[in-house]
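Working notes, beginning with the structure itself.
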C-alpha cells in the first residue's frame, strides 16, 4: 500500500546496476521471450512480441544505457511498461520486486548530475544507489516516430 508522501517503485537490474520505475508505469513482468525482428525500427528496439494479439515493441535497455550488448538469456525478464506515447517491453536481467520509498529520499537526478537523460531520480539505499528511470525520455521523438513507422510497415 502506498503511504502518503511515498512512492512505490518496481526495482530491476541491468548489468549489476539497480534501476526502478514507478509502479503505476509497470503493467507486469514476464519471462524472457524471443522477439520477431522489426525492420527499420530504432537500434534500441530488438523486435516485437504479440501480447494477447497486440504488438509489443521490445527495447534493449543495454543499448539505451550504452552497455556491452549481449543476447537475451532464459533467466532474463521483460517489463511491460506504459510510456506517455506507447506500451513497450523492456529487457532486464532481473526483477527484484516493489519497494516503497519516502518521497524525500528520492533526489532529482539534475541535482546530482545535470543532463543525465533517462534517469529522473536517485535513491540512496544502505546497499547502494537506485536509479529511477524516466520513461518519457526512453525513446526520443524521432525514435518514437521511426518505431511507429516500422510497426505500420510490418502491419503490426
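Numbering (our numbering), first residue to last: 65 to 220.
Every residue, glycine too, gets a C-beta built ideally from N, C-alpha and C.
As the structure is a computational prediction, the values presented were derived from the model and not from experiment.
For residue j and residue i, the rounded distance between their alpha carbons
i, j, result
"residue 145", "residue 109", "14 Å"
"residue 162", "residue 138", "22 Å"
"residue 168", "residue 218", "45 Å"
"residue 65", "residue 103", "Interpretation of residue 65 is limited by its pLDDT of 48, a score under 50 that renders its predicted location unreliable; the figure taken from the coordinates is listed afterwards. Distance between the alpha carbons of residue 65 and residue 103: 42 Å."
"residue 81", "residue 189", "13 Å"
"residue 211", "residue 191", "37 Å"
"residue 151", "residue 194", "23 Å"
"residue 92", "residue 206", "27 Å"
Integer-rounded CB distance, given that residue j should sit under 8 Å from residue i
i, j, result
"residue 105", "residue 214", "4 Å"
"residue 170", "residue 196", "6 Å"
"residue 201", "residue 182", "5 Å"
"residue 122", "residue 155", "6 Å"
"residue 84", "residue 73", "4 Å"
"residue 118", "residue 203", "Actually they are not in contact, since the Cβ atoms of residue 118 and residue 203 sit about 18 Å apart, beyond 8 Å."
Cβ pair residue i, residue j closer than 9 Å
i, j, result
"residue 142", "residue 97", "yes"
"residue 160", "residue 90", "no"
"residue 153", "residue 199", "no"
"residue 129", "residue 165", "no"
"residue 134", "residue 208", "no"
Same chain only: Cβ atoms within 8 Å of residue i, ignoring 5 sequence neighbours per side
i, result
"residue 100", "111, 112, 113"
"residue 107", "127"
Cut-off 7 Å between Cβ atoms - residues of its own chain near residue i, not counting five sequence neighbours on either side
i, result
"residue 71", "86, 165, 167, 170"
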